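All residue numbers for the sequence shown refer to numbering that gives the first Met the number 0, where the first residue is 0 and numbers rise by one.
C-beta atoms are modelled at their ideal positions from N, C-alpha and C, and glycine is treated no differently.
Fair warning: this is a prediction, and the values are worked out from it, not measured in the lab.
To keep things clear, I will list the structure first and then write my remarks on it.
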Amino acid sequence: MSELREPYWHDEHAALYHGDAREVLAEMDEGSVDCIVTSPPYWGLRHYCEGQYGQEPTPEAYVEPGRRSAAT
Ligand SMILES: C[S@@+](CC[C@H](N)C(=O)[O-])C[C@H]1O[C@@H](n2cnc3c(N)ncnc32)[C@H](O)[C@@H]1O
């Protein structure tokens, strides 16, 4: 597991990380997240950037990363 990057912003209550959510979440220790606030792209609807979430070939492939993140 790679080391958690420096937060983009933080104060005594919260830290904001900038990056691909799949990579940032993978850097976080298991069980270290209390709450996830997310607004992911709809599947197959909008193109924001190359390699973005939401452009998976199937709905199942779209749901899987979110399910895995929530499960850890
Ligand atoms: C539905 S929009 C979010 C809209 C935002 N909540 C608002 O109120 O303006 C989805 C966003 O997810 C970003 N995004 C797509 N794939 C991502 C990823 N793998 N990691 C982090 N952000 C991603 C897109 O660039 C886009 O800005």
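Next on the checklist: Under 8 Å, Cβ to Cβ, is there at least one residue of chain C near E11?
Outcome noted: Absent from the structure: chain C. Only one protein chain is present.
Next on the checklist: Quick check on L44: does DSSP put it in helix, strand or coil?
Outcome noted: coil
Checklist entry - Can you tell me whether DSSP reads A25 as helix, strand or coil? => result helix
Checklist entry - If you measure from each residue's Cβ to the nearest non-hydrogen atom of ligand 1, which ones come out under 5 Å, in chain order? => result D19, A20, S38, P40, Y47, Q51 and Y52
Item to check | Expected contact under 8 Å - CB spacing of G43 and Q54 to nearest Å | outcome: 7 Å
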